[in-house]
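First comes the structure, then the notes that go with it.
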Amino acid sequence: MRALMTAVYVFLYAPIALVVLFSFNAGRSASEFTGFSTQWYGKALGNTFLVTALQNSLIIAFTSAVLAAVFGTMAALGIQRLGPRMRAVFDGLMAAAIVVPGVVIGIATLVALVAVFGAINPAIASLWPGERPPQFGLGYGSIIAAHGLFTMALVTMIVKARIASLGRDIVEASADLYATPWTTFHQIVLPQILPSVLAGFLLAFTFSFDDFIVAFFVAGSKTTLPIYVFASIRRGVTPEINAIATMVLVASLILILAARVLMREKKTKSTGE
Amino acid sequence: MPMAPKTKRNLVTAALVGPSALWLFVFLVLPFVAMVIFSFGERAPEGGYLPAFTFAQYANLPARAAAFWNTLMLAPVGALLCLLVAYPAAYYLAVKADPRYRLMLVSLVVVPFWTSLLVRTYAWMYILGSRGIPNLLSMIGIEDVRMLNTPGAVLLGIVYGYLPLMIMPIYVSLEKLDRRLLEASADLGAKPVSTFFSVTLPLSLPGVMTGVALVTILLLGEYLIPQLLGGGKVFFIGNALVDLFLQSRNWPFGSAIAVTLVLVVVLVLMVAMRIAWRVSGSRQVDLV
Numbered sequence: 001m002r003a004l005m006t007a008v009y010v011f012l013y014a015p016i017a018l019v020v021l022f023s024f025n026a027g028r029s030a031s032e033f034t035g036f037s038t039q040w041y042g043k044a045l046g047n048t049f050l051v052t053a054l055q056n057s058l059i060i061a062f063t064s065a066v067l068a069a070v071f072g073t074m075a076a077l078g079i080q081r082l083g084p085r086m087r088a089v090f091d092g093l094m095a096a097a098i099v100v101p102g103v104v105i106g107i108a109t110l111v112a113l114v115a116v117f118g119a120i121n122p123a124i125a126s127l128w129p130g131e132r133p134p135q136f137g138l139g140y141g142s143i144i145a146a147h148g149l150f151t152m153a154l155v156t157m158i159v160k161a162r163i164a165s166l167g168r169d170i171v172e173a174s175a176d177l178y179a180t181p182w183t184t185f186h187q188i189v190l191p192q193i194l195p196s197v198l199a200g201f202l203l204a205f206t207f208s209f210d211d212f213i214v215a216f217f218v219a220g221s222k223t224t225l226p227i228y229v230f231a232s233i234r235r236g237v238t239p240e241i242n243a244i245a246t247m248v249l250v251a252s253l254i255l256i257l258a259a260r261v262l263m264r265e266k267k268t269k270s271t272g273e
Numbered sequence: 001m002p003m004a005p006k007t008k009r010n011l012v013t014a015a016l017v018g019p020s021a022l023w024l025f026v027f028l029v030l031p032f033v034a035m036v037i038f039s040f041g042e043r044a045p046e047g048g049y050l051p052a053f054t055f056a057q058y059a060n061l062p063a064r065a066a067a068f069w070n071t072l073m074l075a076p077v078g079a080l081l082c083l084l085v086a087y088p089a090a091y092y093l094a095v096k097a098d099p100r101y102r103l104m105l106v107s108l109v110v111v112p113f114w115t116s117l118l119v120r121t122y123a124w125m126y127i128l129g130s131r132g133i134p135n136l137l138s139m140i141g142i143e144d145v146r147m148l149n150t151p152g153a154v155l156l157g158i159v160y161g162y163l164p165l166m167i168m169p170i171y172v173s174l175e176k177l178d179r180r181l182l183e184a185s186a187d188l189g190a191k192p193v194s195t196f197f198s199v200t201l202p203l204s205l206p207g208v209m210t211g212v213a214l215v216t217i218l219l220l221g222e223y224l225i226p227q228l229l230g231g232g233k234v235f236f237i238g239n240a241l242v243d244l245f246l247q248s249r250n251w252p253f254g255s256a257i258a259v260t261l262v263l264v265v266v267l268v269l270m271v272a273m274r275i276a277w278r279v280s281g282s283r284q285v286d287l288v
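Chains Y and B are the protein sequences, given in the same order. The first sequence begins at 1 in full-length UniProt numbering and counts up one residue at a time. The second sequence begins at 1 in full-length UniProt numbering and counts up one residue at a time.
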């Protein structure tokens, strides 16, 4: 039993470890380790295409995660105040946002936005008084919108679970002590749900930062880091990709560990341990 | 004049739910409607969409039968292979592992799921590629072994990519299991094996169902694993969709396939929930 579990961990981590190991390889070989070197990291960070893609990914992940955390938390708070019918519709749409495959989300967003832009852009151009009318197109906005859809539903789910575990009694106790609803929210509810909001934010950031397939459809001419990595892989395996992959791994590792610590803290607090 | 309490309450609710409702409507409902409309259209000569009302795109679905066949075969097989590895692992974590280290051991399983699937799949491209295992095999005299771009490679990638997602729900259902039931079973003279099959396994079935349903549904829309490890030879619906939208630009046909894919997902979900109700005897199913 123990041996089997060890095998599972080796299976999960050995491939990743191999990528990390060969990112420090001095030579170009993918099968022979010829010495330690950090030259591929230097090469990767000196690559302007890569750095641009990284910046794009950070901007998109941060913006969509902030929007998802704020709107998702608001939704989690508001959902319980809805009537049963509205609530069922809302829950259903949130579940759909999670269950519908990313490839379909990407396609649907692409199709709808291209149709809308196709109608709007000529109309604006005909009304625009100046020389160069603004053109709407795919880019940051469309990726943020499509990522935010899934991550907002994710944050809602996490925060809703946290609110459900809070219980109504502390809210009622606060009201009995003549606190206004806003004071109750600000002093009682918010501190309790904040760790799960933060965890949701980090998971949303990680998802957006790592997502390839949704962005692939709606990125337009923008390149995100996963799109760049995917394109490089198709050109062939190089140590530079190993270096980029290692950096991506380390970044998401830090984010996910932080999210787990926040979620665990909330659990031990709520059980009073 | 102060607002009536009820009006104020409704306003607050609307303000809380408004942004996400708008987001869901504009970026989920409307795009889906647009996709359905496109699926009844015709392909414009230069690619893209020409308004029409025709069922031609749906009638043409058999042209991509191979993609549907591969997906509908390999996704459930991949999920079941995943289950075979995941169950013993979940059992170990929930029942056998030292409680002091349990949380850390569970974290070690979850963390890979949240790291880039692209990078993790790339790692296997590396291992299975000509400079990986086949290269090592040729050193000991076994020549010309092809591993990459085979169904086996895709299945391996699937098990690797989705193992954490399969382990978690099974682990949760096993952890909730009342230990006293196991002791009672042993006290009544049952051997460990028969306790497992008559007590542990049936009680963990909801977790098993959740895991299989989750992984199967995600696999139905998979693109990266067949693309990188199947190399265009083993392709899924997701690969057909990328081809139709980004290369051959046949949007109406692609939309018809995407709509069909959603219907398949819904069907799988309904079957899974129906079975889950039966095994757990309740209507509570946590799919996520």
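Beta carbons: idealized from backbone N, C-alpha and C, even for Gly. This one's a predicted model, so the numbers in the text were calculated from it and none came from an experiment.
Every alpha helix (DSSP H) of 4 residues or more that sits fully in the stretch 121-159 of chain B is shown, in chain order, as 133-139. Its Cα nearest to that of Y:M157, the residue Y:A199 stands out among Y:F205, Y:G118, Y:A199.
Residue contact with chain Y for B:G78: absent (no Cβ-Cβ distance below 9 Å to any residue of chain Y). Assignment of beta-bridge partners to B:E42 by DSSP yields B:L50.
By the neighbour-count criterion, in which a residue is buried when 16 or more other Cβ atoms sit within 10 angstroms of its Cβ, Y:F33 is exposed. Counting along the chain, the unbroken alpha helix (DSSP H) around Y:S165 starts and ends at 140-166. By the rule that beta-carbons nearer than 9 Å mark a contact, B:R9 touches chain Y.
Using a CB distance cut-off of 9 Å, Y:P101 counts as an interface residue toward chain B. Straight through space, the alpha carbons of B:V212 and B:W69 are spaced by roughly 19 Å.
Under DSSP, Y:F36 forms a beta bridge with Y:N25.
Remark: three or more beta-carbon pairs, one from each stretch, lie closer than 8 Å, so the stretch 147-157 of chain Y and the stretch 11-23 of chain B are flagged as touching.
For the pair B:N60 and B:L228, the Cα-to-Cα distance works out to about 27 Å. Neighbourhood of B:G211 in chain Y, by CB distance below 7 Å: empty, with the nearest CB roughly 15 Å away.
When secondary structure is reduced to three states using DSSP, B:Y223 falls in the coil class, being assigned neither helix nor strand.
By the criterion of a C-beta distance shorter than 8 Å, Y:Q39 is surrounded in its chain by A26, once the five residues flanking it on both sides are discounted. Within the stretch 74-121 of chain Y, the alpha helix (DSSP H) runs of at least 4 residues that lie entirely inside it are, in chain order, 84-99.
Contact with chain B is absent for Y:L194, since none of that chain's Cβ atoms lies less than 9 Å from the residue's Cβ. For B:Y92, there is no enclosing alpha helix (DSSP H), as DSSP gives it neither H nor E. The three-state reading of DSSP puts B:A65 in helix, counting H, G and I together. Three or more pairs of CB atoms, one per stretch, sit closer than 8 Å, so the stretch 22-31 of chain B contacts the stretch 103-121 of chain Y.
Apart from the 5 residues on each side of it in sequence, Y:M152 sits with its Cβ closer than 6 Å to the Cβ of A68, F71, G72 in its chain, given in chain order. C-alpha of Y:P181 to C-alpha of B:T210: approximately 38 Å in a straight line. For B:L182, no Cβ of chain Y is located within less than 9 Å of the residue's own Cβ.
Classified as buried, Y:A245 has 16 or more neighbouring CB atoms from the shown chains inside 10 Å of its CB.
Between B:Y87 and B:I158, the CB-CB gap reaches or exceeds 9 Å.
Residues of chain B with a Cβ closer than 8 Å to the Cβ of Y:V19 are, in chain order, V119, Y122, A123, Y126. When C-beta atoms of the stretch 111-125 of chain Y are compared with those of the stretch 259-269 of chain B, fewer than three pairs fall below 8 Å, so the two segments do not count as touching. For B:L155, the closest of B:V12, B:A56, B:L84 by C-alpha to C-alpha distance is B:L84.
Spanning the alpha carbons of Y:T52 and Y:T223 requires a straight line of approximately 8 Å.
Within the stretch 165-194 of chain Y, no residue has its Cβ closer than 7 Å to any Cβ of chain B. The criterion of a C-beta distance shorter than 9 Å is not satisfied by Y:Y140 and Y:I213.
When the Cα atoms are used, B:V106 and B:E42 turn out to be separated by approximately 51 Å.
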